[in-house]
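The structure appears below as structure tokens.
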Amino acid sequence: MGQEMKEDYFFWGAATSAHQVEGSNIHNDWWHWEQKTPSAHKSGLACDHYNRYAEDFALAKTFGHNAHRLSLEWSRIEPVCGQWNQGAIEHYRSVLSELRRLGLEPFVTLHHFTNPQWMAERGGWLNGKAVYWFERYVEKVVSQLGDLADFWITINEPMVYATHSYWHKKWPPKRRNFWEMSRVIRHMANAHEEAYRTIHKRVAGAKVGIAKSVVGYLPERDQWDDRLACRLEDWWYNQRFLRMTRGTHDFLGLNYYFTVKKRIQVWPPMFKALPWSGPKTDMDWPICPEGLEHVLLEMKQYGLPIYITENGIADAKDKMRSDYIRSHLRAVERVQAAGADVRGFFYWSLLDNFEWAEGFKPRFGLVEVDFKTQERRPRASAYVYRAIIEQARESGQL
Ligand code: BGC
């Protein structure tokens, strides 16, 4: 597809990530942590997408998608430090070729939360060499697969990774240390910048960005101190990483799920999150499409094209998903009218999958997966999303 055409082309799709769908990612730190932690959920075969990707992409095609976001598993490509697995690279050549054959534009993520175990054993992202290791992996990937994708997402949600793993003790290595968290953020920022340059060196016309998690912040009361709490949270969580890496983004990839109501609490001093009285997802996440609108308007300041690289809902009964998608896309339409340059939307996720520390219970998929039989059952909302896409195409909106 020609570059000019992409400029006024809206990408519709869904997203996945390697460890959550592929199955048997035995060389990464998550797998190791799952095995050695009795209480941890085991990803096991996940959706067996490593073997069933063609069937899954064919479904995406029947849903009217013209793009797909996926991630490559670093630990498959480099299972041992400095040693490349050509078989894994060939596998991803087949995966990306299949997407192209079906007319699904690949958006390729290079890091989605998992690290090779050899890297974790050497301190992971705390190690000063992490930037070099990542850049070496990226160089390998783009030299071998660069002809098969134009859109590259270096790192998925660096702030989520750093806070969950080095502050909230939720994800491996389950640490709580402010200095370590800050170091990881800095290394990831540097790694993104290096990767940005490497990809551009190797892939003519590449578009490079990150997938940045963004949260909507809503002051509990309409008064200066609650507004200040929201501004500071927004600066730290939504903006800071983007500012640290300014000048190395061809687009902004934004992952939006929810909004939090905040107020300042004097003692103990904190920005307190208040209970949400409105509708919530199966993950207990507030549903607030206005938050997406707010965030998108704010992100206009960067003057970059925006892709919504994730937006979705855990909803096992599929009762709320259609409205969730509809209302968030309306928010996109409103910001488009206000001049924000949104060029794509990826529903999270194409398939029910391994939701990290929460295991297989939360159901985000357009497609229900029976994890015992690996049977795929498209949900009604997948067709509602298709109807929205068709309608938008016909009316020329989005
Ligand atoms: C992550 C996904 C995750 C989704 C739902 C995003 O933060 O990129 O890996 O499954 O949220 O929790």
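Note that my numbering has the sequence shown beginning at 50, numbered continuously upward.
The beta-carbon is built from N, C-alpha and C at its ideal position, and this holds for glycine as well.
These numbers were taken from a predicted model, which means no experiment stands behind them.
* Assuming P222 and G173 make a contact with CB atoms under 8 Å, what is their CB distance in whole Å? -> Here residue 222 corresponds to residue number 173 of the sequence shown, with the count starting at 1. Here residue 173 corresponds to residue number 124 of the sequence shown, with the count starting at 1. Going by Cβ atoms, the distance from P222 to G173 rounds to 7 Å, so yes, they are a contact pair.
* Option nearest S92 by Cα separation, candidates P128, W216 and G72 -> Taking the sequence shown and counting its residues from 1, one reaches residue 92 at position 43. Of the candidates P128, W216 and G72, the one whose C-alpha sits nearest the C-alpha of S92 is G72.
* **Under the three-state DSSP convention, the category E53 falls into** => Counted from its first residue, the sequence shown places residue 53 at position 4. Residue placement at E53 is poorly supported in this model, since its pLDDT is 37, which falls under 50; the coordinates are not used for a value here.
* Asked: Would a check of beta-carbon distances place Y215 closer than 8 Å to chain E?
  -> Reference to chain E is not applicable here, since this structure consists of a single protein chain.
* Nearest candidate by alpha-carbon position, reference Q166, set N360, W82, R101 and S88 -> Your numbering for residue 166 matches position 117 in the sequence shown. Taking only the C-alpha atoms, the option nearest Q166 is W82.
* To do: With hydrogens ignored, establish whether the beta-carbon of F307 is closer than 7 Å to any heavy atom of ligand 1.
  => Residue 307 sits at position 258 when you count from the first residue of the sequence shown. The nearest non-hydrogen atom of ligand 1 is 7 Å or more from the C-beta of F307.
* To do: Look at the alpha carbon of N134 and the alpha carbon of I126, and state the distance between them as a whole number of angstroms.
  => Within the sequence shown, numbered from 1, the residue matching residue 134 stands at position 85. Within the sequence shown, numbered from 1, the residue matching residue 126 stands at position 77. Here the C-alpha atom of N134 lies approximately 5 Å from the C-alpha atom of I126.
* Hey, how far is the Cα of M50 from the Cα of L399? -> Start at 1 with the first residue of the sequence shown, and residue 50 comes out as number 1. Start at 1 with the first residue of the sequence shown, and residue 399 comes out as number 350. With a pLDDT of 36 at M50, under the threshold of 50, the predicted position of this residue should be treated as unreliable, though the coordinate-derived value follows. Those two C-alpha atoms are separated by around 23 Å.
* Based on Cα-Cα distance, which residue from H343, K256, R295 and M293 lies nearest to T308? -> Residue 308 sits at position 259 when you count from the first residue of the sequence shown. Taking the Cα of T308 as reference, the smallest distance to any Cα among H343, K256, R295 and M293 is reached at H343.
* When you compare each of C96, F60, T65 and N77 to W409 by their alpha carbons, which one comes out closest? -> Here the question's residue 409 lines up with position 360 in the sequence shown. This sequence places Phe at residue 409; Trp is not what is there. It is C96.
* **Helix, strand or coil at E382 according to DSSP, with G and I counted as helix** => Within the sequence shown, residue 382 is the residue found at index 333, counting from 1. In the structure shown, E382 sits in a helix (DSSP, three-state: H, G or I).
* Asked: Three or more C-beta pairs closer than 8 Å, one from the segment 366-376 and one from the segment 280-293: is that the case here?
  -> no
* Contact under 8 Å by Cβ, T358 with F395 -> As a first step, residue 358 must be located in the sequence shown, where it is residue number 309. As a first step, residue 395 must be located in the sequence shown, where it is residue number 346. Yes, they are a contact pair.
* With 16 other CB atoms within 10 Å as the buried threshold, where does K261 fall? -> In the sequence shown, residue 261 corresponds to position 212, counting from 1. The residue in question, K261, is buried, as its Cβ has 16 or more Cβ neighbours within 10 Å.
* **Under the three-state DSSP convention, the category D419 falls into** => Within the sequence shown, the letter at position 370 stands for residue 419. It is a strand residue.
* How close, in whole Å, do the beta carbons of L353 and L301 come, if the pair is a contact with beta carbons under 8 Å? -> As a first step, residue 353 must be located in the sequence shown, where it is residue number 304. As a first step, residue 301 must be located in the sequence shown, where it is residue number 252. Indeed, because the Cβ distance is near 5 Å, the residues count as touching under 8 Å.
* Decide if the segment 216-236 is in contact with the segment 310-325; the criterion is three or more beta carbon pairs, one per stretch, under 8 Å apart. => Per the Cβ contact rule, the segment 216-236 is not in contact with the segment 310-325 (fewer than 3 Cβ pairs under 8 Å).
* N- and C-terminal bounds of the alpha helix (DSSP H) containing E242 -> Sequence index remark: in the sequence shown, residue 242 carries index 193 (1-based). It spans F227 to R251 - the alpha helix (DSSP H) in which E242 sits, taken as one unbroken run.
* Asked: Sorted by chain position, which residues of the same chain lie with C-beta nearer than 7 Å to E53's C-beta, five sequence neighbours on each side aside?
  -> For the purposes of this step, residue 53 is taken as the residue at position 4 of the sequence shown. For E53, the predicted structure reports a pLDDT of 37, less than 50, and the residue's modelled location is therefore unreliable. The matter cannot be settled from this model.
* Helix, strand or coil for M332 per DSSP? -> One-based indexing of the sequence shown puts residue 332 at position 283. Three-state DSSP puts M332 in coil, outside helix and strand.
* Asked: Exposed or buried, which one is K256 when buried takes at least 16 other CB atoms within 10 Å?
  -> Locating residue 256 in the sequence shown gives position 207, counting from the first residue. Buried, because 16 or more other Cβ atoms sit within 10 Å of the Cβ of K256.
* **Extent of the continuous alpha helix (DSSP H) run through W82** => Indexing the sequence shown from 1 puts residue 82 at position 33. Here the alpha helix (DSSP H) through W82 covers D78 to K85.
* Sub-8 Å separation of F62 and H114 beta-carbons -> Position 13 of the sequence shown, counted from the first residue, corresponds to residue 62. Position 65 of the sequence shown, counted from the first residue, corresponds to residue 114. At residue 62 the sequence reads Gly, which differs from the Phe that was named. Yes. Within cutoff.
* Asked: Does the beta-carbon distance from I202 to T158 come in below 8 Å?
  -> The sequence position of residue 202 within the sequence shown is 153, counting from 1. The sequence position of residue 158 within the sequence shown is 109, counting from 1. Yes, these two residues count as a Cβ contact at 8 Å.
* Burial state of M348, where buried means 16 or more other Cβ atoms lie within 10 Å -> By 1-based counting over the sequence shown, the position of residue 348 is 299. The residue in question, M348, is buried, as its Cβ has 16 or more Cβ neighbours within 10 Å.
* To do: Measure the beta-carbon distance from L153 to H117 and round it to whole angstroms, keeping in mind my assumption that it falls under 8 Å.
  => For the purposes of this step, residue 153 is identified with residue 104 of the sequence shown, where counting begins at 1. For the purposes of this step, residue 117 is identified with residue 68 of the sequence shown, where counting begins at 1. Confirmed, Cβ separation roughly 4 Å.
* To do: Whole angstroms is fine: what's the gap from I438's alpha carbon to G361's?
  => By one-based count along the sequence shown, residue 438 stands at place 389. By one-based count along the sequence shown, residue 361 stands at place 312. Answer to the nearest angstrom: the Cα atoms are 16 Å apart.
* **Where I202 sits in the DSSP three-state scheme** => Position 153 of the sequence shown, counting from 1, holds the residue named residue 202. Secondary structure at I202: strand, using DSSP grouped into helix, strand and coil.
* Asked: Is any heavy atom in ligand 1 found nearer than 7 Å to the beta carbon of V209?
  -> For the purposes of this step, residue 209 is taken as residue 160 along the sequence shown, with counting starting at 1. The nearest non-hydrogen atom of ligand 1 is less than 7 Å from the C-beta of V209.
* Asked: Cβ of F413 within 7 Å of any heavy atom in ligand 1?
  -> By one-based count along the sequence shown, residue 413 stands at place 364. Because some heavy atom of ligand 1 lies under 7 Å away, the Cβ of F413 counts as near it: yes.
* In the DSSP assignment, find the beta strand (DSSP E) that holds P268 and state where it starts and stops. => To locate residue 268, count along the sequence shown from 1; it is residue 219. The continuous beta strand (DSSP E) containing P268 extends over residues K256 to P268.
* To do: Apply the 10 Å Cβ neighbour rule to W80 and answer buried if 16 or more other Cβ atoms are within range, or exposed otherwise.
  => As a working note, residue 80 is residue 31 in the sequence shown. Buried, by the Cβ-count rule.
* Closest residue to G393 among D274, F420, H377 and G195 (Cα-Cα distance) -> As a first step, residue 393 is located in the sequence shown; it is residue number 344 there, counting from the start. Closest by alpha carbon: H377.
* Between D199 and G258, which are expected to be in contact by the criterion C-beta below 8 Å, what is the C-beta distance as a whole number of angstroms? -> Residue 199 sits at position 150 when you count from the first residue of the sequence shown. Residue 258 sits at position 209 when you count from the first residue of the sequence shown. So it is not a contact: roughly 12 Å between Cβ atoms.
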